[in-house]
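Numbering (this note's numbering), first residue to last: 87 to 221. Don't be surprised by glycine CBs; every beta carbon is placed ideally from N, CA and C. What follows is a single structure, written as structure tokens, with notes after it.
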């Protein structure tokens, strides 16, 4: 799910997914705000990721419309894995340390059973760490 490529709420695949309609709306809003405030493109993927998970997440990231300026949060609940992949331009504004801090925060929420809340707070944290977008 990206701010520019959202799933339709009426789609059966979304209705069978891990999120309620309200949670999807919260995620959509968080993604839109992250994109607008940072100038980067944030995406969220929730589902199984091919093994090894890091390389699988990198392959997903490479398929984004503008990978250089994109940040992908890939969560594989069944595999108990979380990866944050940054493109070459995004990496200039989000260090590995920044991503690790956000990942720890998200993992704590996920451990408490709040997948959507963890993603929303992780997006907000990453956006804050990336700084404001200037033209």
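Status (buried if at least 16 other CB within 10 Å, exposed otherwise) for residue i
{"i": "residue 169", "result": "buried"}
{"i": "residue 189", "result": "buried"}
{"i": "residue 30", "result": "In the structure as shown, the chain starts at 87 and stops at 221, and residue 30 therefore has no counterpart that could be examined."}
{"i": "residue 174", "result": "exposed"}
{"i": "residue 107", "result": "exposed"}
{"i": "residue 176", "result": "buried"}
Whole-Å CB distance - residue i paired with residue j, under 8 Å assumed
{"i": "residue 152", "j": "residue 127", "result": "6 Å"}
Beta-carbon gap between residue i and residue j smaller than 9 Å
{"i": "residue 105", "j": "residue 209", "result": "no"}
{"i": "residue 109", "j": "residue 134", "result": "no"}
{"i": "residue 216", "j": "residue 180", "result": "yes"}
{"i": "residue 147", "j": "residue 136", "result": "no"}
{"i": "residue 160", "j": "residue 143", "result": "yes"}
{"i": "residue 139", "j": "residue 163", "result": "no"}
Residue span of the beta strand (DSSP E) that contains residue i, given as start and end
{"i": "residue 132", "result": "127-132"}
Segment limits, alpha helix (DSSP H) that includes residue i
{"i": "residue 142", "result": "139-148"}
{"i": "residue 124", "result": "107-124"}
Entirely within the segment 158-202 and at least 4 residues each: give me those alpha helix (DSSP H) ranges in chain order.
-> Counting only runs that start and end inside the segment 158-202, the alpha helix (DSSP H) elements of at least 4 residues fall at 182-197.
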